[in-house]
Amino acid sequence: WEIGRGQKVSDEHGASFPMELAQKVIYNFINPGDKIYDPFMGTGTTAVASIMSCRNFIGSELSEDYCKFANKRVKEALDK
Numbered sequence: 033w034e035i036g037r038g039q040k041v042s043d044e045h046g047a048s049f050p051m052e053l054a055q056k057v058i059y060n061f062i063n064p065g066d067k068i069y070d071p072f073m074g075t076g077t078t079a080v081a082s083i084m085s086c087r088n089f090i091g092s093e094l095s096e097d098y099c100k101f102a103n104k105r106v107k108e109a110l111d112k
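Per our numbering, the very first residue in the sequence shown carries number 33; after that it's consecutive.
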């Protein structure tokens, strides 16, 4: 796969990865309806990609700020 760097989603989190990467992994290796666990949720890219791909997700994150940001992104994805 050739995947670009992707769009930066947060100035506070410098290690987020491209949505395209999460989507490709999910589409190719996770069946619809399966659960995906992200133990380092960060900005919620895996969660959003899971929602967009009709997969369930569970995530955990130690940083309260990142949790707030991820929750906002998840809510926006669910509202679409």
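Beta carbons are placed, not taken as given, at the ideal position from N, Cα and C, and that holds for glycine.
Going by CA-CA distance only, name the one from the options that's closest to residue i.
{"i": "ARG87", "options": "GLU34, ILE58, GLU93, SER95", "result": "ILE58"}
{"i": "ARG105", "options": "GLY91, THR77, SER85", "result": "THR77"}
{"i": "TYR98", "options": "MET73, MET84, ALA79", "result": "MET73"}
{"i": "GLU96", "options": "LYS56, THR75, GLN55, ASN63", "result": "THR75"}
Let me confirm a value: residue i is counted as buried when at least 16 other C-beta atoms fall within 10 Å, else exposed. Which label applies?
{"i": "SER82", "result": "buried"}
{"i": "PHE61", "result": "exposed"}
Within the 9 Å Cβ cut-off, does residue i reach chain B?
{"i": "THR77", "result": "Looking for chain B here will not work: only one protein chain is present."}
Do residue i and residue j have their C-beta atoms closer together than 9 Å?
{"i": "SER92", "j": "ASP66", "result": "no"}
Please work out which residues of its chain come closer than 8 Å, Cβ to Cβ, to residue i, disregarding the five sequence neighbours upstream and downstream, and give them in chain order.
{"i": "PHE89", "result": "LYS67, ILE68, TYR69, ASP70, THR78, ALA79, SER82, ILE83"}
{"i": "ALA109", "result": "ALA79, VAL80, ILE83, MET84"}
What does a CB cutoff of less than 6 Å around residue i pick up in its chain, not counting 5 residues either side in sequence?
{"i": "ALA54", "result": "THR77, THR78, ALA81"}
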